[in-house]
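The sequence shown: position 338 = 606 (my numbering), numbered continuously. We treat Cβ as the ideally placed atom computed from N, Cα and C, and that holds for glycine.
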Amino acid sequence: MRLLPLSMVEPGMRLGKKIYNSEGLTLLGEQIELTQSMIRRLESHGIDFAYIDDPRTDDIIVRDLLSEETRVRAVTEIRDSFRKIADDQLRRKTSGQVQVGKAFRKLMEMIMSDLSDHRDAMIMLTNINAMDDYLFHHSLNVCVYSTMLGIAHGYSQDELMTLGLGALLHDVGKTQIPLELLRKKDRLSDEEFSHIKHHTSFGFQFLKDEPNIPLLAAHCAFQHHERLDGSGYPRGLKGEEIHDFARWIGLVDSYDAMTTHRVYRKAMLPHQAMEILFTGTGSLYDKQKIELFRDKIAIYPIGVTVTLSTGEKGVVVDLNATVPHRPVVRLLQDEFGQDLDGSREIDLSKSLNVMIVGVSGEMVVS
């Protein structure tokens, strides 16, 4: 299968990998033949990419880090809990709050179990699912990224539980921000942005009183927008004043926001977002953290179509763990644009004179 921008997907193509809706359930199943109305439906859900079947790449299998059971359970739990919090019901019912904490701990156990089976895998979360409810999917993605990085960093099970809970709930304070403000397409006024900043305090105030959520997880919600140089909010903390977990979450929160479709812009590709993050190395983000993230993230995900410096085009079929930015590419077009049979592959970790110079669906970042 190949990962294509939706703008290149045509009627008659077959879906190579199922796409989930905002509830975590199947929106379109794999092997379905796409129609124009289906493609428009995907566009309406804010989906920018889709995995498409191609006989030359039918041996490519993209495995999810989370099982479908865990994904559905996670999206449902986050959605239902956040909506209750938004209605302010849980603030007045201690028993309800305890149930929320227990439910999220059980959810984290499921997530940690799934991720432990892929502890050596490259992180390859390409956002090809419906993003109608951005907050819920974003919370899950940030949790998966943070937990995988925590595993790679060597955190204990207890530390991973706390980090994961902090990541799952880092944006819980946004339940107290008006939806029209969160979904506004135009530039926010200073007053509006100031109001949105309060979500860190709202989240901390809610989580600090939750018996089954570690206080440190509450501090993750409070500190995930702080930056090393003191330019973040809400308190302008610097360096070691920011807890290690909050620094991890702040990094992957930024990455996932950039690589996810938003109401005001399309999703960036992984390598584009990583380039932007690297400009903040040492000032906004820890050098060691961003380097580990770079080494664990698949900036050229399996299935993505790339253009090489030779003029040839191909699809990424395998990743090199030691040099993730130099994957194995199966050639599908020669330098003159003529289709190839897909029998030739080039390992960029060995062919150092060949570079990736473009990716299908690449957007101009201004």
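Residue i and residue j closer than 7 Å at C-beta
i	j	result
residue 430	residue 482	yes
residue 342	residue 375	yes
residue 346	residue 407	yes
residue 379	residue 416	no
residue 536	residue 526	yes
residue 616	residue 557	no
residue 600	residue 566	no
residue 573	residue 583	yes
residue 410	residue 521	yes
residue 302	residue 279	yes
residue 325	residue 382	no
residue 580	residue 598	no
residue 334	residue 386	no
Option in the options with minimal Cα separation from residue i
i	options	result
residue 444	350, 391, 563, 369	350
residue 466	436, 503, 387	503
residue 328	299, 269, 386, 501	269
residue 577	318, 594, 520	594
residue 627	477, 326, 570, 533	570
residue 512	528, 494, 526, 523	494
residue 418	403, 608, 542, 388	388
residue 484	433, 623, 568, 580	433
residue 568	549, 289, 625	625
residue 709	475, 579, 620	A question about residue 709 goes unanswered here, because the residues of the chain that appear run from 269 up to 634.
residue 448	401, 468, 603	401
residue 340	549, 405, 547	405
residue 453	611, 322, 534, 614	534
residue 529	313, 455, 276	313
residue 538	550, 524, 551, 549	524
residue 289	456, 473, 336, 457	336
residue 548	596, 468, 498	498
residue 596	604, 620, 609	620
residue 575	304, 555, 623, 501	623
residue 373	427, 276, 473, 403	427
residue 271	507, 516, 318	318
Supposed contact pair residue j and residue i - C-beta distance, whole angstroms, cut 8 Å
i	j	result
residue 487	residue 438	So it is not a contact: roughly 10 Å between Cβ atoms.
residue 307	residue 296	Their Cβ separation, rounded to whole angstroms, is 10 Å, which puts residue 307 and residue 296 out of contact at 8 Å.
residue 560	residue 553	Going by Cβ atoms, the distance from residue 560 to residue 553 rounds to 11 Å, so no, they are not a contact pair.
residue 435	residue 414	4 Å
residue 505	residue 551	So it is not a contact: roughly 14 Å between Cβ atoms.
Residues near residue i in its chain [Cβ-Cβ closer than 8 Å; skip 5 each side]
i	result
residue 300	282, 283, 306
residue 607	600, 601
residue 460	449, 452
residue 371	345, 349
6 Å Cβ shell around residue i - same chain, five flanking residues per side excluded
i	result
residue 471	440, 441, 489
residue 362	Legend: pLDDT at residue 362 = 45, less than 50; position of this residue unreliable, value from coordinates given subsequently. No residues qualify anywhere along the chain.
Beta-carbon proximity list for residue i, same chain, < 7 Å, skipping 5 on both sides
i	result
residue 311	274
residue 563	592
residue 420	560, 564
residue 517	410, 414, 434, 435, 438, 488, 492
residue 285	269, 298, 319, 330
### Task
Starting from the N-terminal side, write out each stretch of the alpha helix (DSSP H) that is 4 residues or longer and does not extend beyond the segment 440-474.
DSSP runs (the alpha helix (DSSP H)) wholly in the segment 440-474: 447-450, 458-465.
### Task
Just list the alpha helix (DSSP H) runs in the segment 324-356, keeping only unbroken ones of 4 residues or longer that don't cross its boundaries, in chain order.
Entirely contained in the segment 324-356, the alpha helix (DSSP H) runs reaching 4 residues are, in chain order, 336-354.
### Task
Within the segment 583-629, note down every full beta strand (DSSP E) run reaching 3 residues or more, in order along the chain.
Unbroken beta strand (DSSP E) runs of no fewer than 3 residues, entirely contained in the segment 583-629, are found at 596-601, 613-615, 624-627, following chain order.
### Query
Whole beta strand (DSSP E) runs in the segment 275-307 with 3 or more residues, listed along the chain?
Taking 3 residues as the minimum length, the beta strand (DSSP E) runs contained wholly in the segment 275-307 are 294-296, in order along the chain.
### Query
Where in the segment 493-545 do unbroken runs of the beta strand (DSSP E), each at least 3 residues long, occur, reported from the N-terminal end onward?
If only complete runs of 3 or more residues are kept, the segment 493-545 shows no beta strand (DSSP E) anywhere.
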